[in-house]
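As C-alpha cells, then:
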C-alpha cells in the first residue's frame with residue numbers, strides 16, 4: 010500500500026513516526042515535519058506498520074543533507090539521524106526518554122530531560138567494528154546497510170569515527186591475508202594509549218597473529234575470539250598496566266562530562282560508602298574514592314577489575330563478579346552507582362535495591378537504553394526520580410545516555 014504521511018516525531022531506534030489509514034507508521038530516514046510518500050504492507054487489523062520511504066514530498070524544517078556518503082549511498086546502518094540537524098537530534102532524544110518514562114515506568118518526568126551536547130558531533134568515535142568477508146577474490150571490510158544485515162558494503166571513511174580508527178581500519182583490511190582464514194570475520198578497532206587495539210572474532214586457526222603488528226603500524230595489542238573457545242591475547246606491545254580489550258570510552262569528552270556529573274550527584278548525598286556496580290576499568294570509582302569515600306567496585310571482567318583494584322586507595326576494593334551475585338552481599342551502602350549494559354538490571358538486583366530504601370540515600374543510574382531504564386525504575390516503587398539528565402554520547406545515532414538520580418520516597 011502506498012500512502013502520504015506527515016512525520017510528527019522520532020521513535021526509539023530513530024525511525025520517523027506518522028499516521029496513515031488509521032495506523033501508526035514507522036519510517037526510517039524521515040524527519041519531523043516531512044511530508045513523505047511511503048509504502049507499507051500489513052494486515053487489516055494491524056495498528057502499527059513499518060514503512061519504506063519512497064520520496065520526501067516536502068522537507069521538514071529540521072531535515073539536512075547527510076554529511077557521510079555511506080549514509081546516502083550505502084544506507085549505512087551505523088547512524089540513524091544524520092538527516093536531522095543536530096539540535097533536532099537532541100530534541101528527539103529528550104522526547105524518546107520522556108516517552109519511555111510515561112509509557113513504561115508510568116512515572117512521567119516533569120519535563121523532557123536536558124540532553125548535554127557532544128563537543129564534537131563528528132569524528133568522536135574511538136571504536137568501530139568491521140565485518141570482513143571474501144567477495145570476488147578480494148576482502149571487503151565494512152558495515153551493514155540498515156535494511157540488510159546479511160550484506161556488507163566497503164567502508165572508506167566513517168564520518169563519526171576518529172581519524173586514528175579510520176586509518177587503522179583501512180590497514181587491517183589491507184592486511185586481511187594475515188588474519189585467520191575464515192569466510193567471515195568481525196574486527197573491532199579501539200583507540201588505546203599509544204595506538205589502537207584489535208579484537209578479531211571468528212576463524213579456527215591463526216598461524217602467526219604477531220605478524221599483524223608489523224602490517225598495521227598503529228596496532229599495540231591483538232585479541233582473538235576463535236569460532237570455538239575463549240578470547241585470548243595473541244599479540245601485545247603495550248605497557249603492562251593497560252586495561253583489557255573491552256574498556257574504552259567511545260566518546261571521551263562526553264564520557265568525562267557524564268562521569269563528573271555522576272560523581273557530583275553521588276557526593277551531594279554525603280556518602281561514606283558507595284557501591285559502583287558495572288564499574289568497568291574503574292574511572293568513576295577512582296574519582297569517588299579520591300574524595301575520601303570507601304568504594305566497592307563490582308565488575309565481571311577480571312582484567313578490568315584488577316586494573317581498577319590496583320589503583321584504588323586503601324579502604325576501597327574491586328571485586329570481579331557478576332553484579333547479580335555480588336551486589337546484595339555488598340549492601341548496605343550509603344549510595345549506589347549503576348551503569349549496566351543495554352538489557353538493564355535483573356529483577357533480583359532491583360529487588361535488593363528497593364529493599365535498601367530505608368538505609369541508602371541515593372541511587373545514580375546511568376543507562377544507554379531508555380526503555381530498560383524506565384522498566385527498572387518501575388521496579389523500584391520505594392524510590393522516586395529526583396533528577397534526570399541525558400548526554401549525547403553518540404551523535405548522528407539514535408542512542409543516548411541517561412542519568413537518573415533516585416532518592417527514597419518521602420525524602
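Residue numbers (the numbering used here): 10 to 420.
We put the CB at the ideal spot given by N, CA and C, even for glycine.
Remark: three or more beta-carbon pairs, one from each stretch, lie closer than 8 Å, so the region 191–211 and the region 136–153 are flagged as touching. When DSSP states are grouped into helix, strand and coil, residue 133 belongs to the coil group.
Excluding the 5 residues flanking it on each side, residue 67 has same chain C-beta neighbours closer than 6 Å at 44, in chain order. The continuous alpha helix (DSSP H) containing residue 81 extends over residues 78–82. From the listed residues 398, 348, 404, the smallest Cα separation to residue 118 is found for 398.
Burial check for residue 79: the Cβ neighbour count within 10 Å reaches 16 or more, so the residue is buried.
According to DSSP, residue 28 shares a beta bridge with 33.
Only residues of its own chain outside the window of five on either side were considered, and among them 124, 126, 401 have a CB closer than 7 Å to the CB of residue 99, listed in chain order.
Less than 7 Å separates the beta-carbon of residue 18 from that of residue 41.
Residue 374 is bridged by DSSP to 347, 413. Taken in chain order, the complete alpha helix (DSSP H) segments of 4 residues or longer contained in the region 175–229 are 220–224. One thing to note: residue 304 has its Cβ no nearer than 7 Å to the Cβ of residue 336. Only residues of its own chain outside the window of five on either side were considered, and among them 371, 395 have a CB closer than 6 Å to the CB of residue 416, listed in chain order. Runs of the beta strand (DSSP E) lying entirely within the region 264–334, each at least 3 residues long, are 282–286, 303–308, 326–329 in chain order.
For residue 105, the enclosing alpha helix (DSSP H) covers residues 95–109.
A distance below 6 Å between beta-carbons, with the five flanking residues on each side excluded, links residue 93 to the following residues of its chain, in chain order: 40, 71. If you draw a straight line from the Cα of residue 14 to the Cα of residue 24, it comes to about 13 Å. The continuous alpha helix (DSSP H) containing residue 359 extends over residues 356–363.
Contact check between the region 148–168 and the region 199–210: fewer than three CB pairs, one atom from each, fall below 8 Å, which does not count as touching. Non-local C-beta neighbours of residue 376 in its own chain, meaning closer than 6 Å and more than five positions away in sequence, comprise 382, 411, ordered along the chain.
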